[in-house]
Each structure stands twice: as C-alpha cells, then as structure tokens.
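J.: Before anything else, here's the structure in question.
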Amino acid sequence: MHASPLFTRLLITGGLALLQLSSAAHADEIKRTSAPGSKAPISSTVSVPAASRIVFFSGNLADVANPAAPQGSVEAYGNTATQVTSILKKFEKLLAAEGLTLADVVKVNVFMVGDPALGGKMDFAGLNAAYSQYFGSAAQPNKPVRTALQVAALPMPGGLVEIEMTAAKPAP
Amino acid sequence: MHASPLFTRLLITGGLALLQLSSAAHADEIKRTSAPGSKAPISSTVSVPAASRIVFFSGNLADVANPAAPQGSVEAYGNTATQVTSILKKFEKLLAAEGLTLADVVKVNVFMVGDPALGGKMDFAGLNAAYSQYFGSAAQPNKPVRTALQVAALPMPGGLVEIEMTAAKPAP
Amino acid sequence: MHASPLFTRLLITGGLALLQLSSAAHADEIKRTSAPGSKAPISSTVSVPAASRIVFFSGNLADVANPAAPQGSVEAYGNTATQVTSILKKFEKLLAAEGLTLADVVKVNVFMVGDPALGGKMDFAGLNAAYSQYFGSAAQPNKPVRTALQVAALPMPGGLVEIEMTAAKPAP
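Heads up: the sequence lines are chains L, S and R, in that order. Throughout the first sequence, residue numbering follows my numbering, covering 82 to 253 in sequence. Throughout the second sequence, residue numbering follows my numbering, covering 82 to 253 in sequence. Throughout the third sequence, residue numbering follows my numbering, covering 82 to 253 in sequence.
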C-alpha cells in the first residue's frame, strides 16, 4: 500500500514547519559592525543571535615574564603590551577548552592601572599594539566590542592590566 | 481515499507539539523590576527570556560639543549631562542600525571620572539629569539595570563619562 | 482501518526530529570550570547553553549596619566583609523574586574603593572571606566567574564595595 497524496502533503508540510523552526533558531550568525574608517581593533556592535551558547570568563592577569625581577614588580610581569600578550595567550587556552577560539569572543573589558613609566597614565598604545595582533588581524579578523579604561588598582601588585571577556557561539 | 481519523489525530498532535515548542521558545517578553518607591532611572532586574538576540556595544565617549574650546579639554566636550546626552544620541543611531531602540537596552555601565568643577568628584546628579530623559521617561519608560561609578581615567582627555550597554530582543 | 507501516514510520521519524530539536535546545546545563588547584571562590569559565533565560542585576551597595554611626561613614556600613554580606543577602532576595538562587549566578563584578583602615587599599581578603560563604561553599558550591578591582569612587559615601551580577537558567 502506498501513502495517499493527502497524507504525504501533510507530512511534508509538517517537515517544512520543522525546518523553518530549526532555521529560525539556528541559521543566524554573529554580526559585527565597525565605525566607518575606524582603525581601532574593536567592533561598535556585536549581535549574537537567539539560541547561542554564551561563555563568560573571569578577569585574567598576566603570568610572570621575568622570574629574576622582584616579586610583585612591574618588571616581573613586563610592560602593558607584554602583559596583554600573556593574558590573551591564557584566554586562547581557556577558549580552546570550551571548543572556542578568539574569533568567538564578542565582548572584552580591559582594566588598566597607571604605568609608572608613563607618569601614572595607562598605556593605551601598548594595549592596542598587543591587542591588535589577536583581534582584527589578517589571521583573526573578528573584533569584539570593547571598553578599556584606567582603574585605581588591580588585585595583583605589578599587574598593569586585567582583561575580562565573553564569547558566544550560535547553536549548530 | 480520505485520511484516516487516526492519522489525522497524529498529525494534529504533532502540530500542537510544534506550536507548543514555538510558544515556549518565543512567547516570553523581557521583564523589568524596580525597587518599590525608587525614583532612580534604573531597574533592579531585567530578565531576558530564552531565545533572545543579544547585542553588545562598545563603550562610547561624547562628541565634541564646542569646537572653539581647547582640544582635549572638558570645555570641548561639555559637562557630564552634556556628554551623557551626546553619548545616548550616538547609541540611538547604533541601536537603530540594529533594528533596536533605547527601549531594548537591558544593561548599562557608566564609567565617570572626577569633574574638576566638582572638586574631582563624579557628577552623579548630572548623569541622572540627562540619563532620565532617555530611560524611564514618559516617552521611553523602559529602564535597564545600571552600575555607575568613578574610575581613575578614561582614554579621551576631556571626557567625563563613558557608557557601555547591552540590548536584547526576544525572537519574534 | 489501520495506519500503514510507511505512514507510521514517517510519523515516528517526525516525532524523533521534534524530540531531537527539543533536546538540542533544552538538554544542556550550565558548565563551570576552575583553575586546577585554585582555592579562589571563582570559576575560570561558565558556559551558558543556548535557550537559557538571562537575568541582569543592577550594581548593589550595602545597607546601613550601624544606624548610630555618622551618616555616610564607613562605620555606618561596616568593613568590606560586612558590606559584602549585606549586598549578597540583598541579591538573595532579588534572585528569589526571579525564581532563582545564588546557585544560578554566572557572572559577578566587584568594584571596591580604598579602605581607610588599610591605608587606602581595597580589602581583597575581606571580600573573599565574606564572598566564599555564599559562592563555592559546601552549601552552595556553584562559583560564578568574577572580576574584582579597585575603582576611584562609588556613588555612596561610606560604601567600600559595589557588586553587580548576571544569572542564567537553562529553559526547562
């Protein structure tokens, strides 16, 4: 016995409805916009579609770069660019453990303290020099939204910068 | 040949299951609560239902308000209220490009620096005076959650305030 | 008349597709990872599955602990540990009103100011002493990601700490 055309039609309709629902939930991708002409390694907006997994990360500080330097000194951790590189390499490992990469990061918050070598001002240029090797580069063009500013103190003596981030991945 | 009652019933059941799934995923709305009696233009909580699009925005600073004033001075950008208004107008445009409005904003972070005109204290009253024209007003009653505090420095000389936000929109 | 095997098979297939869709959207749980050997009451990462409700909370300050102390003094609100406890108890109530508990919190940001009793340094040990009674304890083992640092000023005189959080709950 064969399926009647009516039943077949109803089942196909049901199947299409399922496909549409699935499409509505899963087809979208993360969309990033930048200010026209901006060279900053940041997006203006990052839109995360419904039905995305969101992964939050604790703020991270740099690892010791120079064990010979006095403990808790800036020399032990290096300048801002060195510390940013150390922190972003940490995040690469943390992201990998979640099946993610820096390309999946949607939001970054950077908290800097005054750099003694710059008269107590934050080293914004040093941040961007290191940061743009990892975000908005030829190898990894995706740029998260970002807020970067100077706070009064970080919980680690010698630390010049702490970075916090959020990643997202649309459900497959 | 006609559809048998059994098949029709099964198909209808399947259709209802689809509708329920769709409803569970899409029917909810964003819910905002405020502290009883509070006049602050902020919500205590904002609950974003599952299956919502979430849009992250970079921190934004004010545009120059007075081009005749010295570059990088507070006079160039105006007082805190003027700067907040400038920033929120920027966000209105950024939100519009995402098909959103200030009514869709769910979370705001405000980072201020000390105002020289206030002995180095942040101008919290100036923030709220401008802010409440855009959030919790008669024209736009929705209030995001908010944290507002004073940091050590912002990346733009003359800037008194930087604002970061997140918006959300339940899937239709 | 009985359902033909073909139709039955098609309907079952459709039913399984529905179940799988539902499973993909709802089965996952929030996953938390910690740095190996770390005693800090924080997670390194918290992964929130697609189709989760996300609840944002405004930054909260402590309630007055000692009404006999001068208004706006640190004595009125107590030391950092006392203030953290006061704030987390507030959050317990705010969470309960959303049908949530501290176990559902995924992300915490702690903003401290210098403690006069510590020569103007933030009381990080005081934060953790109180905080670890509520997060990562035997009674409530879940630990959110966290960033904790010192800012220049909070909007409440006498306040030593402000806490902001985000909670999430996978759709049932």
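Every residue gets a Cβ at the ideal spot worked out from N, C-alpha and C, and that includes glycine.
Counting contacts by CB-CB distance shorter than 8 Å, is E156/S in contact with chain L?
T.: Locating residue 156/S in the second sequence gives position 75, where the first residue counts as 1. By this cut-off, E156/S is not an interface position.
J.: Select from E110/R, I123/R, S115/R, G118/R the residue whose C-alpha is nearest the C-alpha of L208/R.
T.: Along the third sequence, read from residue 1 onward, the residue named residue 208/R stands at position 127. That would be I123/R, whose Cα lies nearest to the Cα of L208/R.
J.: By the criterion of Cβ-Cβ separation under 9 Å, what are the contact partners of T114/S in chain R?
T.: Position 33 of the second sequence, counted from the first residue, corresponds to residue 114/S. Going along chain R in sequence order, the residues near T114/S (Cβ under 9 Å) are L175, A178, E179.
J.: Inspect the beta-carbon positions of A184/L and N160/L and report whether they are closer than 8 Å.
T.: Position 103 of the first sequence holds residue 184/L. Position 79 of the first sequence holds residue 160/L. It is not a contact, given that the beta carbons lie outside the stated cut-off.
J.: Can you tell me where the beta strand (DSSP E) holding S133/L begins and where it ends?
T.: Sequence index remark: in the first sequence, residue 133/L carries index 52 (1-based). Looking at the DSSP string, the run of the beta strand (DSSP E) that includes S133/L is 133–138.
J.: Quick one: what's got a C-beta closer than 6 Å to I135/R's C-beta in the same chain, skipping five residues either side?
T.: Here residue 135/R is taken as the residue at index 54 of the third sequence, counted from 1. Correct list, in chain order: A249.
J.: Using Cβ-Cβ distances below 7 Å, what residues of the segment 223–245 of chain R are close to chain B?
T.: The question asks about chain B, but that chain is absent: this structure's protein chains are L, S and R.
J.: Terminal residues of the continuous alpha helix (DSSP H) containing A249/L?
T.: On the first sequence, position 168 is the one that residue 249/L refers to. Where A249/L is concerned, there is no enclosing alpha helix (DSSP H), although the beta strand (DSSP E) it sits in stretches over 242–251.
J.: So, F172/R versus N141/R, is the Cβ gap smaller than 8 Å?
T.: As a working note, residue 172/R is residue 91 in the third sequence. As a working note, residue 141/R is residue 60 in the third sequence. A contact, by the Cβ cut-off of 8 Å.
J.: Going by DSSP, what residue range makes up the beta strand (DSSP E) through N190/R?
T.: Indexing the third sequence from 1 puts residue 190/R at position 109. Where N190/R is concerned, the enclosing beta strand (DSSP E) stretches over 186–193.
J.: Quick check on the DSSP output: the beta strand (DSSP E) that includes V129/L runs from which residue to which?
T.: Mapped onto the first sequence, residue 129/L falls at position 48. Here the beta strand (DSSP E) through V129/L covers 126–129.
J.: Where does P117/L land, buried or exposed, given buried means 16+ other C-beta within 10 angstroms?
T.: Mapped onto the first sequence, residue 117/L falls at position 36. It counts as exposed.
J.: Looking at P236/S: is its Cβ nearer than 8 Å to the Cβ of G153/S?
T.: Locating residue 236/S in the second sequence gives position 155, where the first residue counts as 1. Locating residue 153/S in the second sequence gives position 72, where the first residue counts as 1. No, these two residues do not count as a Cβ contact at 8 Å.
J.: Between the beta-carbon of E110/S and the beta-carbon of P251/S, is there less than 8 Å?
T.: If you number the second sequence from 1, residue 110/S lands on position 29. If you number the second sequence from 1, residue 251/S lands on position 170. Result yes, Cβ atoms of E110/S and P251/S sit closer than 8 Å.
J.: At least one CB of chain L closer than 8 Å to the CB of A220/R: is that the case?
T.: Along the third sequence, one-based indexing puts residue 220/R at 139. By this cut-off, A220/R is not an interface position.
J.: By how many angstroms is the C-alpha of G180/L removed from the C-alpha of A206/S?
T.: Against the second sequence, residue 206/S aligns to sequence position 125. Against the first sequence, residue 180/L aligns to sequence position 99. Each residue's Cα considered, the two are about 45 Å apart.
J.: Using a Cβ cut-off of 9 Å, pull out every chain L residue sitting near F205/R, in sequence order please.
T.: The residue given as residue 205/R occupies position 124 in the third sequence. Neighbours of F205/R on chain L, chain order: P236.
J.: Return the Cβ separation of A211/L and A162/L in integer angstroms, given the expectation that the two are a contact with Cβ distance under 8 Å.
T.: Stepping through the first sequence from its first residue, residue 211/L is reached at position 130. Stepping through the first sequence from its first residue, residue 162/L is reached at position 81. Rounded, the Cβ-Cβ distance is 4 Å, consistent with contact.
J.: Measure how close the beta-carbons of V186/L and P225/L come, nearest whole angstrom, since I'm counting them as under 8 Å.
T.: What you label residue 186/L is simply residue 105 of the first sequence in a count that begins at 1. What you label residue 225/L is simply residue 144 of the first sequence in a count that begins at 1. Sure, about 5 Å apart at Cβ, within 8 Å.
J.: Between G195/L and chain S, is there a C-beta pair that is closer than 8 Å?
T.: The residue you call residue 195/L lines up with position 114 of the first sequence. G195/L counts as touching chain S.
J.: From the DSSP output, in three-state form, read off T182/R for me.
T.: If you number the third sequence from 1, residue 182/R lands on position 101. In the structure shown, the three-state DSSP call for T182/R is coil.
J.: Could you tell me the distance, in whole angstroms, from the CA atom of P151/L to the CA atom of G200/L?
T.: Locating residue 151/L in the first sequence gives position 70, counting from the first residue. Locating residue 200/L in the first sequence gives position 119, counting from the first residue. Roughly 21 Å separates the two Cα atoms.
J.: Quick one: Cα of Q214/S to Cα of M246/S, how far?
T.: If you number the second sequence from 1, residue 214/S lands on position 133. If you number the second sequence from 1, residue 246/S lands on position 165. Using only the alpha carbons, I get a separation of about 17 Å.
J.: Select from V242/R, Y158/R, T114/R the residue whose C-alpha is nearest the C-alpha of A234/R.
T.: Position 153 of the third sequence, counting from 1, holds the residue named residue 234/R. Checked all of V242/R, Y158/R, T114/R; the closest Cα to A234/R is V242/R.
J.: Indicate, with yes or no, if the ligand FMN has a heavy atom lying under 7 Å from the CB of S115/S.
T.: Among the ligands in the structure shown, none appear at all, so the ligand FMN cannot be discussed.
J.: Could you tell me which residues DSSP pairs with T114/S in its beta bridges?
T.: Position 33 of the second sequence, counting from 1, holds the residue named residue 114/S. For T114/S, which the question treats as bridged, DSSP gives the partners T126/S.
J.: Distance check for A178/S and D196/R, CA to CA, integer angstroms please.
T.: For the purposes of this step, residue 196/R is identified with residue 115 of the third sequence, where counting begins at 1. For the purposes of this step, residue 178/S is identified with residue 97 of the second sequence, where counting begins at 1. Roughly 44 Å between the two C-alpha positions.
J.: Could you pull out every residue in the same chain whose Cβ sits closer than 8 Å to the Cβ of Q133/L, ignoring the five residues on either side in sequence?
T.: As a working mapping, residue 133/L is identified with position 52 in the first sequence. Rather than Gln, the amino acid found at residue 133/L in this sequence is Ser. Counting only Cβ-Cβ distances below 8 Å, and skipping sequence neighbours, we find I111, A249, K250, P251, A252.
J.: How far does the alpha helix (DSSP H) with V155/R in it extend, from its first residue to its last?
T.: Walking along the third sequence from the start, residue 155/R turns up at place 74. Looking at the DSSP string, the run of the alpha helix (DSSP H) that includes V155/R is 155–158.
J.: Can you check which of these residues, K170/L, T228/L, A149/L, is closest to S125/L by C-alpha distance?
T.: Indexing the first sequence from 1 puts residue 125/L at position 44. The residue with the shortest Cα to Cα distance from S125/L is T228/L.
J.: Any idea if K170/L is buried or exposed, counting beta-carbon neighbours within 10 angstroms, 16 or more meaning buried?
T.: Here residue 170/L corresponds to residue number 89 of the first sequence, with the count starting at 1. That one is exposed.
J.: Closer than 7 Å, Cβ to any Cβ of chain S: which residues of the segment 160–171 of chain L, in chain order?
T.: none
J.: Determine the chain R residues that contact S124/S at a beta-carbon separation under 7 Å, and present them in chain order.
T.: Counted from its first residue, the second sequence places residue 124/S at position 43. Going along chain R in sequence order, the residues near S124/S (Cβ under 7 Å) are S139.
J.: What residue range does the alpha helix (DSSP H) around A206/R cover?
T.: As a working mapping, residue 206/R is identified with position 125 in the third sequence. Segment 205–212, the alpha helix (DSSP H) holding A206/R.
J.: State the beta-bridge partners of T228/L as determined by DSSP.
T.: Within the first sequence, the letter at position 147 stands for residue 228/L. Its beta-bridge partners are N190/L.
J.: Hey, how far is the Cα of L175/S from the Cα of P130/S?
T.: Position 94 of the second sequence, counted from the first residue, corresponds to residue 175/S. Position 49 of the second sequence, counted from the first residue, corresponds to residue 130/S. If I take the Cα positions, the gap works out to 23 Å.
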